[in-house]
Structure formats: structure tokens, C-alpha cells
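The next block holds one structure in the form of C-alpha cells; read it before the comments.
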Amino acid sequence: MTPELTERYSPLHQAHVDAGASFTDFAGWQMPVRYSSDLAEHHAVRTAAGLFDLSHMAEIRVSGADAAAYLDYALAGKLSAIALFQAKYSLILNAAGGIVDDVVVYRTGESEFLVIANAGNHFPALEALTKRAARFDVTVTDESDDTALIAVQGPNSLTILQATIGLTATDDLGALRYYRAMTGAFTDVPVLIARTGYTGEDGFELYVPINQALALWNALTTAGADHGLVPAGLASRDTLRLEAGMPLYGHELSEATYPAQAGLGRVVNLAKETDFIGRAASEEGPQAGSAVLVGLVSAGKRAGRASYDVYRTADAHTPEGMITSGALSPTLGHPVMMAYVSPSIARLGTEVFVDVRGTRIPATVTALPFYSRKP
1 MTPELTERYS PLHQAHVDAG ASFTDFAGWQ MPVRYSSDLA EHHAVRTAAG
51 LFDLSHMAEI RVSGADAAAY LDYALAGKLS AIALFQAKYS LILNAAGGIV
101 DDVVVYRTGE SEFLVIANAG NHFPALEALT KRAARFDVTV TDESDDTALI
151 AVQGPNSLTI LQATIGLTAT DDLGALRYYR AMTGAFTDVP VLIARTGYTG
201 EDGFELYVPI NQALALWNAL TTAGADHGLV PAGLASRDTL RLEAGMPLYG
251 HELSEATYPA QAGLGRVVNL AKETDFIGRA ASEEGPQAGS AVLVGLVSAG
301 KRAGRASYDV YRTADAHTPE GMITSGALSP TLGHPVMMAY VSPSIARLGT
351 EVFVDVRGTR IPATVTALPF YSRKP
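The sequence shown begins at 1 in full-length UniProt numbering and counts up by one.
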């Protein structure tokens, strides 16, 4: 049963207030939406670095002799195959093949994993993982209330971490590959340092006990002062992930969405030998003609937003798609959108029309992502 949501605050809340942040409610949390301007924070991440508080995310530890086999059953991917301190993007499916949540899983020991779930799906994900553990020798522990998550994203992120006083890593941070992690410490307190992210840029995420979160935030801020680091809110995070073509639960993903519709069919490992929740439905797949996720670009400055209709022609009466996310891209300078559309208009290069407040705006189906960082 999902607990009743009450207003919650990050352990870094006062630091955000002191920095002049504006706040928004996100899954019951008061989180910074911006500090200065959405554009300034977005550009800082693309050109230098942004500092994000992600302490509203859920951290769920899975440990025990059957941990690997259990996750192979509980999730759509083959988590038993990942190496120590490797990360993997995966999905929690329901029995009908829909997406309960998309998660990132770190292998932190031979028989121990850390599952990172979305803030809005904290309790549905926890409930699903707990129920699925019944016949396995595993322990599922919710560590969310004890863990703060701070991300440094942008081309200067490595330099900033290396300059942060008190932060040490067990190995060379520069050699850490994408979607890998390593242990470290901040003032002798253990920290998990991961090279992942949700912005399309190089970056790191640091999992730290909540009683050290403020000190680490301040140390990172000091280290980044000469490297263009700025605090960044959820508004810029959303435009960054949209440019990078990364789905957001509640927009591109839901329990009514099959992974194949969202371009995530590769995440569902039908080759693994064992059963998993949602396998039969995934093998059957969505019905013929089901909507598929595409990228759309258009000229001008008017972007289609979530729930705006997509039409085959400028004068068509019946919509054949709907925008799930859209914005005027700060990096590219033109509107970018993701939408679920009929397969008949999903081919790359197809011209469609987006109804933007009563005006049909021409748009072109394009490949995702819209933006990729240079190596």
C-alpha cells in the first residue's frame, strides 16, 4: 500500500533557499526548479558544469545469496550478467508488460545490488520489488531516507570532483567508464561515485549519507567556483534530458506502455533462460498498429508541449499522435519534441503537424537523441 504523501524536504533544502532557488512540488518533495534562469543553468551544464540535488530519488538495496537470480526475475534485464560496480539501465514491468518504473541498477557486491528508482515511483517500485522477493533468499531494504544523491554534470565535472577537498576515490576517477561506479569517501564517510547521468553530458552522481550531504554540496560548490559550476534545478534537467532523448516516467513511460513502443525493446532480455515478471506479455508484444515513440523537430520558436495533438496533415480532423514532452531547445535553437504517433507516420523524415494552441505547426520525424555530446 502506498503511504500517503506529505510534503518532504531534501537535506540540502536550506542551501537551496540560501542560493535563491524557486521550488516546485515533485512527488511530494519541495525541490529546486531553478536558481537563476532555466537557460543559464541549461547552458552551464552543456559548456561547464551543473550541480543537481537528486535526493528525492529512491535507493533500494538488494542483498543475499539469491540477489542476482532474484533481479533477473524481478526486472526485465539480465542483471546477473553485470560486473562488480557496473551499472545497468533496466525496467520493472507489470504482468501485462507495462512499465512500473525505469531504474538504474549498480552491482555493489557479488550478492549485493543498489536499485535507483524514480521519486514518483518510490513506493510502487519498492512494493513490486518486495513482493517479488518472496521465494528468494534476498533482503530488500529501502535506504532512501538515509541517502542523499548529488550529481555534477557537464564537461568540467571530472576536474571539479578531482579538486573537491575531502573527496577521495579508491581508483583513478578519470579512468572510470560510463555506467560504472567505484567506492570513495568524503571526510572518511563512504560515498558511492557513479559515472552516469540524465543530461546527455559527462557527469558523476554521488551517493552519500544525509548527514554529510550539505558538507559535500558546499565542498563541490567551492571546487567548482573556478570551473563554471552553477547549481541547477529540475527545469534545466528536463530540457537537458529531452535534448538527449531520454524518457521521463509519466510522460514517455507508464504502466500502459510496452517497452517496444518506447524504443526500449532492447532493455527487455528475452534471451535470458529464466522467467521474469512481464515475460509472456513482452513476447507477445503490443498490438499491431500501437503508437510508437518518435522525435519531432520544427522550425520557429513555438514548441508542442505534453498532450498537444499530432496530425497527419494540416487539415486532418483526427489526431494520429500526441506530444509527450516538448520545448524550444536551448542548445539547438529550435523546437524538439517526443511524441507517440501511429506507425504509419513514424518513418524518419515524415512531415506531420502539431496543434499548438489552435495553429498547425509543421514538424519532421527525426531520430533520437536530438543532441549528442562530442567525445
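From the three backbone atoms N, C-alpha and C, an ideal C-beta is built for every residue, glycine too.
Buried or exposed, going by whether 16 or more other CB atoms sit within 10 Å of the CB of residue i?
i: residue 88; result: buried
i: residue 16; result: buried
i: residue 59; result: buried
i: residue 317; result: exposed
i: residue 288; result: exposed
i: residue 1; result: Low per-residue confidence applies at residue 1: pLDDT is 42, beneath 50, and the placement is therefore not dependable enough to give any value.
i: residue 102; result: buried
i: residue 72; result: buried
Hey, could you find the ends of the alpha helix (DSSP H) residue i is sitting in?
i: residue 24; result: No alpha helix (DSSP H) holds residue 24; the beta strand (DSSP E) holding it covers 22 to 26.
i: residue 131; result: 122 to 131
i: residue 71; result: 67 to 74
Short check: CB of residue i to CB of residue j, under 8 angstroms?
i: residue 8; j: residue 86; result: no
i: residue 370; j: residue 232; result: no
i: residue 137; j: residue 65; result: yes
i: residue 92; j: residue 125; result: yes
i: residue 304; j: residue 356; result: yes
i: residue 148; j: residue 234; result: no
i: residue 186; j: residue 152; result: no
Measure the C-alpha to C-alpha separation of residue i and residue j and round it to an integer number of angstroms.
i: residue 271; j: residue 228; result: 45 angstroms
i: residue 350; j: residue 141; result: 48 angstroms
i: residue 22; j: residue 37; result: 10 angstroms
i: residue 218; j: residue 14; result: 12 angstroms
i: residue 27; j: residue 119; result: 6 angstroms
i: residue 361; j: residue 298; result: 8 angstroms
i: residue 169; j: residue 196; result: 16 angstroms
i: residue 55; j: residue 252; result: 23 angstroms
i: residue 375; j: residue 160; result: 19 angstroms
i: residue 256; j: residue 96; result: 9 angstroms
i: residue 315; j: residue 348; result: 21 angstroms
What is the residue span of the beta strand (DSSP E) that residue i lies within?
i: residue 10; result: Careful: residue 10 lies outside any beta strand (DSSP E) and carries neither H nor E.
i: residue 87; result: 87 to 93
i: residue 81; result: Careful: residue 81 lies outside any beta strand (DSSP E) and carries neither H nor E.
i: residue 102; result: 99 to 109
i: residue 53; result: 49 to 53
inquiry  = Please give the ranges of any alpha helix (DSSP H) in the stretch 157 to 202, keeping only runs that are unbroken, at least 4 residues long and fully inside the region.
reply    = 157 to 163
key: 4-residue-minimum alpha helix (DSSP H) runs that sit fully inside the stretch 259 to 288, ordered along the chain   = 279 to 284
Start-end ranges of the beta strand (DSSP E) lying completely within the stretch 283 to 369, minimum 3 residues = 292 to 297, 309 to 311, 321 to 328, 335 to 341, 351 to 356, 359 to 366
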